[in-house]
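*Asks:* Mapping of the sequence shown onto the numbering used here: residues 194 to 479, in sequence order. Below is a structure I'd like to ask you about.
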Amino acid sequence: MRIDLHTHSNISDGTDSPQELITAAAAAGLDVIGLADHDTFDGIEIAREQADIEGIELVAGIEISAQYQGTSVHLLGYGCDQEDAPLLAELARIREARDNRVPRICEKLTELGLPLTVSQVQAQARNATSLGRPHVADAMIAAGYVADRQEAFDRYLQGPARVRRYQVELTQGIELIHQAGGAAVIAHPWGRSAKEVLSAAALAALVAETGLEGIEIEHQDHDELARRQLRRLAIELGLIATGASDYHGRGKKNHELGCNLTSPEAYRELQQRMTARAEARKAWRR
Ligand code: AMP
Ligand code: ZN
Ligand code: FE
Ligand code: FE
194 MRIDLHTHSN ISDGTDSPQE LITAAAAAGL DVIGLADHDT FDGIEIAREQ ADIEGIELVA
254 GIEISAQYQG TSVHLLGYGC DQEDAPLLAE LARIREARDN RVPRICEKLT ELGLPLTVSQ
314 VQAQARNATS LGRPHVADAM IAAGYVADRQ EAFDRYLQGP ARVRRYQVEL TQGIELIHQA
374 GGAAVIAHPW GRSAKEVLSA AALAALVAET GLEGIEIEHQ DHDELARRQL RRLAIELGLI
434 ATGASDYHGR GKKNHELGCN LTSPEAYREL QQRMTARAEA RKAWRR
C-alpha cells in the first residue's frame, strides 16, 4: 500500500488541478492520497469524483495556517465535516487575511524596485480560492524578476518583502478540527521555523492538552536525524507518525508524489481516530 497524505492542488498553491493531481497520483502508483490544500476544502469534491474514476482512495484533508508562540506552524486536519460552521468561519477569516496580504506584499516589492500589482498576482492564481505567496512568486517569475519560486522566497518573500498575516492559534486549530469530527496532525513539525517552538516538551504538552493525534515525520523538510528523533518521540508520546510528499506540482522541487509515505499501520490508526472523532461529534450534536 502506497499512502501519501499531504498534497496540494491549484485550488491553493499547487499547479495541478484536483483532477490532474488525482490522475498523477494514480499514475505514480499511489493507493491512497490526501488532498490538503491550504485553508480551503474547495478542491475536495472534484478530487473525490476523479478518485472514484481512477479507483484511488482519497482522504479529505486540509492544511491550516496556525501559529504557536508567535511562530508559523502548519496543521493538517483529516476527515473533518466540510460543512462545519465554526471551522468554515475560521478558514474564511484566514483566507481573508491571505487576500489582504497580497497588496501589501506588492507595495513592498514595488518599493524595492520590482513593481507588481494585485491583478498580476491574480492572473497567476487562476483557480485558487486560497491565495498564497507562491502566487506572488509566480507573478514575479512572469515579470522576469526571478527564475523560480525558490528564488522569490529566498530573496524577497522571506526577506525584505515579508508581510505577516493572521493565523489561528495552534491549540484552537486543533480544537476546531476535533469539533468538526476530524483528526489533527502537525505538518512538518521540525521544518523551517516551527522547529524553534515545537520542542519535545511542547509536543508532549499539546498531546496532553488537546489530544493531538499525530505528527508528520517523513517529509522533505526533515533530514534523517530529525526523522529518527521524531520517530522516537512519536512512540514516547503515542502520536501517529505520518509521511507525505507535500507535492505542489511544478511549484516545489524535490517533492514528487510518493517521495515519502505513511505506513499502512499508521494509516489504519489514523482512520480509527477519524472515525472516533466523527462519532463523538455526532453524539455531541444529537
Ligand atoms: P503562504 O501560504 O502564503 O504563507 O506561503 C507558504 C507556502 O509557500 C507553503 O505552502 C510553502 O510550500 C511555500 N513555500 C515556502 N517556502 C518556499 C520556497 N522556498 N520555495 C517554494 N515554495 C515555498
Ligand atoms: Zn503550499
Ligand atoms: Fe506546510
Ligand atoms: Fe503543504
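Beta carbons are placed, not taken as given, at the ideal position from N, Cα and C, and that holds for glycine. As the structure is a prediction and not an experimental result, all values here were calculated from the model.
What residue does the alpha helix (DSSP H) around GLY366 start on, and which one ends it?
*Replies:* Start and end: 363 to 372.
*Asks:* Out of THR455, ASN203 and GLY444, which one is the CA nearest neighbour of ALA321?
*Replies:* That would be ASN203, whose Cα lies nearest to the Cα of ALA321.
*Asks:* Report the start-end ranges of each alpha helix (DSSP H) in the segment 213 to 285 that is 4 residues or longer and not cut off at the edges.
*Replies:* Segments of the alpha helix (DSSP H) lying fully in the segment 213 to 285: 237 to 247.
*Asks:* Quick check: is any heavy atom of ligand 3 less than 7 Å from the C-beta of HIS415?
*Replies:* Checking the Cβ of HIS415 against ligand 3 gives no.
*Asks:* Is LEU268 buried or exposed, if buried means 16 or more other CB atoms sit within 10 Å of its CB?
*Replies:* Buried, since its Cβ has 16 or more Cβ neighbours within 10 Å.
*Asks:* From the DSSP output, read off the bridge partner residues of THR435.
*Replies:* In DSSP, THR435 forms a bridge with GLU409.
*Asks:* Distance check for ASP416 and ALA398, CA to CA, integer angstroms please.
*Replies:* If you take the alpha carbons of ALA398 and ASP416, they lie about 24 Å apart.
*Asks:* Span of the beta strand (DSSP E) holding ILE196?
*Replies:* Here the beta strand (DSSP E) through ILE196 covers 196 to 200.
*Asks:* Taking the straight line between their C-alpha atoms, what separation do you get for ALA471 and ALA335?
*Replies:* Their Cα atoms are separated by approximately 44 Å.
*Asks:* Express the C-alpha separation of ILE246 and GLU389 in angstroms, rounding to a whole number.
*Replies:* In a straight line, the C-alpha of GLU389 is about 43 Å away from that of ILE246.
*Asks:* What are the start and end residues of the beta strand (DSSP E) that includes HIS379?
*Replies:* What sits at residue 379 in the sequence shown is Ile, not His. 376 to 379 is the extent of the beta strand (DSSP E) around ILE379.
*Asks:* Apply the 10 Å Cβ neighbour rule to ILE428 and answer buried if 16 or more other Cβ atoms are within range, or exposed otherwise.
*Replies:* Exposed: under 16 other Cβ atoms inside 10 Å.
*Asks:* GLY270 and ILE255 - do their beta-carbons sit closer together than 8 Å?
*Replies:* Contact flag set, yes.
*Asks:* Which residues does DSSP pair with TYR440 in a beta bridge?
*Replies:* Answer is THR200.
*Asks:* Taking the alpha helix (DSSP H) that ALA394 falls in, what are its first and last residues?
*Replies:* From DSSP, the alpha helix (DSSP H) with ALA394 extends over 393 to 403.
*Asks:* Could you check which residue in GLU300, VAL361 and GLY366 has the C-alpha nearest to that of LEU350?
*Replies:* Comparing Cα-Cα distances from LEU350 to each of GLU300, VAL361 and GLY366, the minimum goes to GLU300.
*Asks:* How close, in whole Å, do the beta carbons of ASP197 and ALA434 come, if the pair is a contact with beta carbons under 8 Å?
*Replies:* Not quite, the Cβ-Cβ distance comes to about 14 Å (not below 8 Å), so this is no contact.
*Asks:* Taking LEU423 as the reference, which of THR468, HIS201, ARG461 and ALA380 has the closest Cα?
*Replies:* Checked all of THR468, HIS201, ARG461 and ALA380; the closest Cα to LEU423 is ALA380.
*Asks:* Quick check on the burial criterion: 16 or more other C-beta atoms within 10 angstroms. Buried or exposed for GLN262?
*Replies:* Under this definition GLN262 is an exposed residue.
*Asks:* Rounded to the nearest angstrom, what separates GLY407 and ILE367 at their Cα positions?
*Replies:* The straight-line gap from Cα to Cα measures roughly 11 Å.
*Asks:* If you count every other CB in all the chains shown that lies within 10 Å of the CB of ALA376, and 16 or more means buried, which is it?
*Replies:* Answer is buried; the Cβ neighbour count reaches 16.
*Asks:* Would you give the residue range spanned by the alpha helix (DSSP H) that ALA316 belongs to?
*Replies:* Note, ALA316: alpha helix (DSSP H), 311 to 318.
*Asks:* Please output, in chain order, the residues near ligand 1 using a CB cut-off of less than 5 Å to any non-hydrogen atom of the ligand.
*Replies:* In chain order, the hits are GLY325, ARG326, PRO327, ARG342, GLN343 and PHE346.
*Asks:* Is it a yes or a no for the segment 459 to 479 touching the segment 279 to 287, going by three-plus beta-carbon pairs under 8 Å?
*Replies:* Output reads no: the segment 279 to 287 does not touch the segment 459 to 479.
*Asks:* Report buried or exposed for PRO382, applying the criterion of at least 16 other Cβ atoms within 10 angstroms of its Cβ.
*Replies:* Looking at its Cβ environment, which holds 16 or more other Cβ atoms inside 10 Å, PRO382 is buried.
*Asks:* Could you check what DSSP says for SER210 in three-state terms: helix, strand or coil?
*Replies:* Here SER210 sits in coil by DSSP.
*Asks:* SER205 and GLY384: beta carbons closer than 8 Å?
*Replies:* Not in contact: SER205 and GLY384 (Cβ atoms no closer than 8 Å).
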